[in-house]
Structures are given as structure tokens and as C-alpha cells.
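Protein chains in written order, with this note's numbering: chain A, 71 to 417; chain B, 63 to 289.
Following this line, the structure appears as C-alpha cells:
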């Protein structure tokens, strides 16, 4: 276990109470803005002081409220990457990276580390430039180089791609994935982007209002989000309140229909289904719907459907590729919600 | 024309500005980090000399530094030193009067500083001293320089508190501003006008310097495109 975090912090009406652990892997903190993701990161880095709890990295205690341990940010060896990259504007790229190497006492060793990192990040052409002269992608690379040259025990990344244009994001994500693989130690990635989180991380902590809502491996969490919040964060757009009928049937109140589900329905408070899991035609849960709206996306349509005969129901979104909808195009559709695709959610 | 008042004004303003540069910056730095309530109170107290009439400042200074008063009498007994009516007495008055200018402008500069720079620097192991002198100060350079120049200009023009605590002794404590008043009082209009011109010239140059400092921001050359 490389990192263990169990902290509490009160900040006005907001209360942060998180506990999680991770090995030498990428752990993502996923949540809506204001859920405490960045605060958690700042507690680990030593910028914010938790009211109580323990933080340890590789068995080294960084913070322990009982034993009154609270290492300074400098002593913690946590590489913190901000979304604006926080390069020192008054220093050149080379000076920025050298600043990162100052922990190393021996000047010869320091120079060696610096030139190695410059080499491996391909920065030799940028050394004399100031941060304001760099593109977003270059800034990110320099910031990562500056952090890694300081040989951190853990890497903390706060929304590392949010300052970039979307076409760049994808490419830089590939670069970062490689860097993280080479780093080989614990990485904590804070993000609100589920796709990014899915591609980069192995473990996921989902936060809601300062507490851990779901904690598990990426595949578990995405395949079977257990809570309404987790389902929303994995991008599930169709969620309805549910009243259990028996262990394999619920009434989806917001859609006004009864559904057959997998077992365990008795505890469900909500049901959800991903837009791409919906099928057309007959089946266990076939629902006759009227088309209320067709929203055009770049490469697909989202067809909004309301079950016929249900009063005040909220529409179900169904994602279809353009050709399929062009062929079908009608006012009414018979939908099938496969029982195995229906997510049973706690509140 | 005896140039002593010019020299005296310049050394008083120079020394006061030097002192206030460090005092103002450190007050600004520590107070901007202080608790909200402490900040509010200190802010008012430290800005007070900016709005008080200089004569009130002079009066208050005389009450503590005068030969029969608390600090003044102690210095007289222990060092045999009179704190008033010497050329350097004016430094006390000037320091108090220009402090708020330096404090306010540096605090403004520090408040616009992006704290994530300091956090990142800490996390890669840079000491707080290094961060202060090599990152925070260079990033806030413009505001701090502007504050310094403004404080210097104000120090040159200080009259009220100075005349109360240092008086006017030609060749010993006379400054430009006290000289102008004295010359006007004694109907030496011609010489008074010359000193007025000297004063205006200095102020003009100083304000020009402030303006140039404010306009010159970080050069942002053409951004490079990702390809």
C-alpha cells in the first residue's frame, strides 16, 4: 500500500471526510466541482491542514493528528501539478527545471538530473524561452519535467488537461500516460472528466459533497456503479426513481413503467440505463414510446422518448448512429431495456 | 543659492524609503497571510497616517519622542541623545507618513500573486525564503517598485510632521518644503520660486517613472502553436 489517506476537515458548512488507499497505480478522484477533490489533494501536499486523520506515503507518515505529525510541503516529496501548470513566469524553462532539482545537494548530480530530464522530455529546444512563450502542451511538459526532476514519492495532478483545447487534450493524454507508466509510483489524478479518468486510471474514488461515494477498480465502478452519483459520473443519463416490487422487479417512477431487472432489486432506490444499452424491439422490458425530441450530435442522434400512457414521465434518451435512425425515423418506437443492462442504484 | 535643503531632503527621503521598503513589504506579506480579523484591525491602524493630517502625526510623534516623553527621555538619559530637532529626526516623521503608501501598494501586489506558484515551489522542495525572494518578489516587482517610487516622492514633499519634529534650522534641518515656507514668510519671493521649481522638477520625474513602471508589464511574445 503506497498511499493511505483518512482525513477530515471542516471548512464553514462544507465537511470533507475521505478515506482511501492505493498502491503503485493511478488513482482517480472523480466528482462534480466543489465535491472536495482538490481539497483532498491539497491536504496530501500539505497546503491545507486536515482537522484530524492520517496521511502516509510508502509507510512514511506525512500527517497524523494524534501523534501531532505535520510535515511541511517541502518535506513531503509530493509532486503537485496544477491545472495552470504554475511555471515560474520570471524564469526560463531551464531555470524552472533547475529549480526543481535544488533538493539534490551535489551540484554535479543536480546538473546530471537536469540534463537527463530535459533529454527525456525533449525540451532542449525550449530551454531559453519563458513560460509565456510556450504553448499549453509545452507548458505541461515543462511542469511535469520540473516535478519529476525533484524525484517525488507520489504524483498529484489537479485537472491536468482542463486548460487545453480538446484536440490537444487527447494527444497530450497519450504523452502523460507514458510518463505515468515510467514513473511507476502512486499517482493521484483529480478530474471531472469520466473519459479521461477511464483511460488514465486503474482505481477510482468517486466523491460527493466531501465524502467517498464509491471506491473501487475502474472496471467495477464503470460496469456497475452502485450509487446514483456514481452512475451520473460514469455518464449515465437515464436515471429514474425506483420503488422495488420484488427482488427482480422495480417500478421506475419517473418513467411510469415496471421493469424486470437482475437480482437485488429490493434495495434499489434508483434505476438507470446507459443510452447505448437501449435496444429497439420486443424483449423483457419492452416499452412503447413516443418520440418527443431528436437531438443531433456530430456523429449520432439522441432520441428523446416518452413512454406512452405514463403520466408526467421524464423522457428516456436513446443514442443511435445516424444511418440507423435515418432508416427507422418514426413518431413512435418500441424500446427494449435489457434487464442485465439495468443499473440498480442506491441513493 | 545654498543647496543644503536639496541635499537634506534627498538624504531624508532616501533613508526613509530604504527603511520603508523592507518594513512595508514585510508588513504586507505577513498581514496578507493573517487571520481576517487581525488583518482588518492592522489594516486600519497601519493606513491611518495616510489620512491623518501631518500635524497630528507630528503631534503624536512629539508626545513619544520629545525630550520629556517616554522614549525621548529614555534616549536622553541612556545615550545623551535628543531625538528631536536634528536633521535625522525628520526620518521618524517621514517613515510614519510614507509607510501606508508602501504597505498598501505592496499588499495589492502580493494579493494578485498566484499562490499556486508558491504551492508548486514548496512541493518541489524550494524553501520559503527562496520562494519569497526568487519567485514572489520578482512576480510582484512592478507593484513594489511603483510603491517605492511613490513613497520616495511623498517623502520628498513631507512638510507638516517634519517641521514639528525637526523644526527649521538653516544649514541643519532645513528641507526643500520647510525652506519654501520660510522664504515665503520672509518675503524672499524670488528664491522661494526657485525652490518651488526644483521641487516640481523632482516630482515630475518621479511621477513619470511611476507611470512608465505601470505600463511596462511582462512581455508576452507571440504564443507558439502546438503542431
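Built from N, CA and C at the ideal position, the CB exists for glycine as well.
These numbers were taken from a predicted model, which means no experiment stands behind them.
Where residue i meets chain B, residues with beta-carbon distance less than 7 Å
i: residue 158/A; result: 179, 197
i: residue 154/A; result: 178
i: residue 30/A; result: Residue 30/A lies beyond the range of chain A shown here (71 to 417); nothing can be said about it.
i: residue 220/A; result: 186, 187
i: residue 117/A; result: 181
i: residue 217/A; result: 186
Beta-carbon contacts of residue i that lie in its chain and below 6 Å, excluding the five residues immediately before and after
i: residue 304/A; result: 264, 292, 295
i: residue 220/B; result: 156, 159
i: residue 349/A; result: 406
i: residue 299/A; result: 278, 283
i: residue 112/B; result: 162
i: residue 280/B; result: Residue placement at residue 280/B is flagged as unreliable, the pLDDT there being 48, under the threshold of 50; a coordinate-derived value is accordingly withheld.
i: residue 233/B; result: 66
i: residue 79/A; result: 86, 120, 121
i: residue 69/B; result: none
i: residue 214/B; result: 75, 79
i: residue 147/A; result: 222, 223
i: residue 240/B; result: 225, 230
i: residue 113/A; result: 77, 120
Own chain partners of residue i with C-beta closer than 7 Å, once the 5 adjacent residues on each side are dropped
i: residue 229/A; result: 153, 260, 261
i: residue 320/A; result: 312, 313, 314, 329, 331, 335, 338, 341
i: residue 208/B; result: 167, 272, 275, 276
i: residue 84/B; result: none
i: residue 282/B; result: Because residue 282/B sits at a pLDDT of 45, beneath the cut-off of 50, its placement in the model cannot be relied upon, and the point is left open.
Under 9 Å from the C-beta of residue i: neighbouring residues of chain A
i: residue 189/B; result: 144, 172
Other residues of its chain near residue i: CB distance less than 8 Å, five sequence neighbours each side excluded
i: residue 165/A; result: 158
i: residue 117/B; result: 222, 223, 226
Opening and closing residue of the beta strand (DSSP E) in which residue i lies
i: residue 122/A; result: 122 to 127
i: residue 374/A; result: 370 to 377
i: residue 165/B; result: Element bounds for residue 165/B: not the beta strand (DSSP E) but the alpha helix (DSSP H), 151 to 173.
i: residue 287/A; result: 281 to 287
i: residue 261/A; result: 256 to 261
i: residue 174/A; result: Here residue 174/A belongs to no beta strand (DSSP E), and DSSP marks it neither H nor E.
i: residue 308/A; result: 308 to 316
i: residue 327/A; result: 327 to 330
i: residue 84/A; result: 84 to 92
i: residue 75/A; result: 73 to 81
i: residue 230/B; result: Element bounds for residue 230/B: n/a, residue is neither H nor E.
i: residue 130/A; result: 130 to 134
Beta-bridge pairing of residue i - partner residues as DSSP gives them
i: residue 404/A; result: 358/A
i: residue 366/A; result: 371/A
i: residue 390/A; result: 371/A
i: residue 148/A; result: 224/A
i: residue 349/A; result: 406/A
i: residue 342/A; result: 309/A, 413/A
i: residue 276/A; result: 100/A, 284/A
Span of the alpha helix (DSSP H), counted from its first residue to its last, around residue i
i: residue 244/A; result: 236 to 253
i: residue 101/B; result: 98 to 113
i: residue 110/A; result: 107 to 115
i: residue 322/A; result: That residue, residue 322/A, is in no alpha helix (DSSP H); its beta strand (DSSP E) goes 319 to 322.
i: residue 212/B; result: 203 to 219
i: residue 302/A; result: 298 to 303
i: residue 130/B; result: Segment: none, residue 130/B is in no alpha helix (DSSP H) and carries neither H nor E.
i: residue 177/B; result: 177 to 185
Of the listed residues the options, nearest to residue i (C-alpha basis)
i: residue 236/A; options: 252/A, 225/A, 266/A, 216/A; result: 266/A
i: residue 409/A; options: 197/A, 335/A, 256/A, 208/A; result: 335/A
i: residue 392/A; options: 403/A, 412/A, 384/A, 371/A; result: 371/A
i: residue 344/A; options: 185/A, 388/A, 80/A; result: 388/A
i: residue 235/B; options: 104/B, 127/B, 150/B; result: 150/B
i: residue 208/A; options: 359/A, 415/A, 117/A, 242/A; result: 242/A
i: residue 395/A; options: 384/A, 363/A, 381/A; result: 363/A
i: residue 361/A; options: 195/A, 355/A, 384/A; result: 384/A
i: residue 190/A; options: 386/A, 144/A, 216/A, 377/A; result: 216/A
i: residue 401/A; options: 379/A, 359/A, 416/A; result: 359/A
i: residue 129/B; options: 170/B, 258/B, 138/B, 264/B; result: 138/B
i: residue 108/A; options: 96/A, 150/A, 187/A, 72/A; result: 150/A
i: residue 248/A; options: 270/A, 258/A, 233/A, 256/A; result: 270/A
i: residue 64/B; options: 256/B, 87/B, 122/B; result: 256/B
Contact set between residue i and chain A, taken where Cβ atoms lie within less than 7 Å
i: residue 182/B; result: 150, 152, 156
i: residue 201/B; result: 159, 160
Partner residues on chain B for residue i, Cβ-Cβ distance less than 9 Å
i: residue 384/A; result: Result: empty, since nearest Cβ-Cβ is about 41 Å, beyond 9 Å.
Residue i CB to nearest heavy atom of the ligand SAH below 7 Å
i: residue 300/A; result: This structure lacks the ligand SAH; in fact it carries no ligand of any kind.
Any chain D beta carbon closer than 8 Å to residue i
i: residue 135/A; result: The chain labelled as chain D is not found among the protein chains of the depicted structure, namely A and B.
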